[in-house]
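Residue numbers (our numbering): 2 to 427. For every residue, glycine included, the Cβ atom is placed at its ideal position computed from N, Cα and C. Only one structure is covered here, and it is reproduced in the block below.
See the structure below:
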């Protein structure tokens, strides 16, 4: 498992981030005991939150959170958001009532966490989760959108005892050394966010996987709203049609690129419609489709210093996908392009990721250029492609004729690209 960490240009925040990263535990040691102990000593801020929408999944959970946030904000509600990882700045992980946390706000909260923790074992992610809960409890808002970091059952976000709605996005193989060797193991861990009496909205999964999710939910006492049973969705001709029971909602297709985003948007819509505490009218759901933003997910880039290195007439997209399902989504996106441009994939991957499975899923006709992922343990570029480059700039300079260029394979590589080229996530 890659070590989670962050740096900041703000000296005080950087010192605190380094301190949070120094309280390391074993990477695979998932547990709620540490954060439970810490939060109890901090006055249990996780029990003082606005209504929570809690989202797990292998792929798509971040995008689902983006659609949830957009829908709630379009309804005029103030929304806290906690997601991970960040792309460029750690502040991206925490949004207070619609605005990214400032360096000063994060430094104050993280300083309180470290002071109360007093050097006891605590992961970096647990430190940030506790800081987010402190900030969320102290700042007025109407809702919280909470993304699981890893797994679900033992993820630090799972200390929230009574969310309003829970949801599970796409499930596939990832983090097998921690979550288990089969998709059923992974499904059980993700379904661990289920809570008694709280609707659990799920996508359509293979029968054995769906059965495992249902089993875990039943033990928790959570009603399951499974796609294909309680709800369904389809995407005809630029629309997204979501049916929940007897109700059908007709929306514009989401603006986020990729056919898979319709699935993520539909999951968010059903989560919003599966609760009655926060009113979300049809107009707000339309707004969610149009306004949701989620950087580095088939994100088109139209300018910047790296973009300017490409031959005139080229197109550029950046995507942080790094597992087989992400490669499948990339291949589906590439198949729908009709610009006649050859595909060039600038590829970097962490060594913890299934390199062979990801590469196998990419379009076979794509020209690949392997690059390192700076600051992280990564697969050597020559194991990713016959053609390599020492960095992104050199890779872009090797594209000598108009092409459709995709930066892919790692959220960390995507973040490096956005930091050097822009636009920065906001």
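* List the whole-angstrom C-beta distance separating residue 165 from residue 132, where the pair is believed to meet the contact cut-off of C-beta under 8 Å. => In fact, because the Cβ distance is near 22 Å, the residues do not count as touching under 8 Å.
* Asked: Is the beta carbon of residue 344 sitting closer than 7 Å to the one on residue 335?
  -> yes
* Asked: Which runs of the alpha helix (DSSP H), 4 residues or longer, sit entirely within the region 13 to 95?
  -> 34 to 42 and 62 to 75
* How would you label residue 188, buried or exposed, when you count the other beta carbons within 10 angstroms and need 16 or more for buried? -> buried
* At least 3 beta-carbon pairs within less than 8 Å: the region 248 to 256 vs the region 149 to 156 -> no
* Asked: Alpha carbon to alpha carbon, what distance is there between residue 291 and residue 313?
  -> 29 Å
* Among 215, 219 and 202, which has the Cα closest to the Cα of residue 231? -> 202
* Asked: Quick one: Cα of residue 430 to Cα of residue 192, how far?
  -> Outside the modelled stretch of the chain, which goes from 2 to 427, sits residue 430, for which no answer is possible.
* Between the Cα of residue 208 and those of 199, 237 and 227, spot the shortest distance and give me the residue it belongs to. => 227
* At least 3 beta-carbon pairs within less than 8 Å: the region 266 to 280 vs the region 70 to 87 -> yes
* Endpoints, the beta strand (DSSP E) within which residue 148 is located -> 144 to 148
* For residue 422, which residues from the same chain have a beta carbon less than 7 Å from its beta carbon, with the 5 sequence-adjacent residues on both sides left out? -> 302, 305, 306, 307 and 308
* Would you tell me roughly how many angstroms separate the C-alpha atoms of residue 167 and residue 23, rounded to the nearest one? => 32 Å
* Based on Cα-Cα distance, which residue from 82, 115, 332 and 16 lies nearest to residue 43? -> 115
* Asked: alpha helix (DSSP H) containing residue 130: first to last residue?
  -> 125 to 139
* Which of helix, strand or coil DSSP assigns to residue 276 -> coil
* Might you give, ordered along the chain, the residues of its own chain that have their beta carbon closer than 6 Å to the beta carbon of residue 416, omitting 5 neighbours on each side? => 88 and 89
* With respect to the beta strand (DSSP E) encompassing residue 241, which residues constitute its N-terminal and C-terminal limits? -> 240 to 245
* To do: Helix, strand or coil for residue 2, going by three-state DSSP, please let me know.
  => In this prediction, residue 2 scores a pLDDT of 42, lower than 50, which makes its location untrustworthy; the coordinate-derived value is nonetheless stated afterwards. Looking at residue 2 - three-state DSSP - the assignment turns out to be coil, as it is neither helix nor strand.
* **Pair within 7 Å by beta-carbon distance, residue 363 and residue 390** => no
* Asked: Buried or exposed: residue 135, going by 16 or more other Cβ atoms within 10 Å of its Cβ?
  -> buried
* To do: Would you tell me roughly how many angstroms separate the C-alpha atoms of residue 15 and residue 8, rounded to the nearest one?
  => 5 Å
* Distance, residue 85 Cα to residue 21 Cα -> 16 Å
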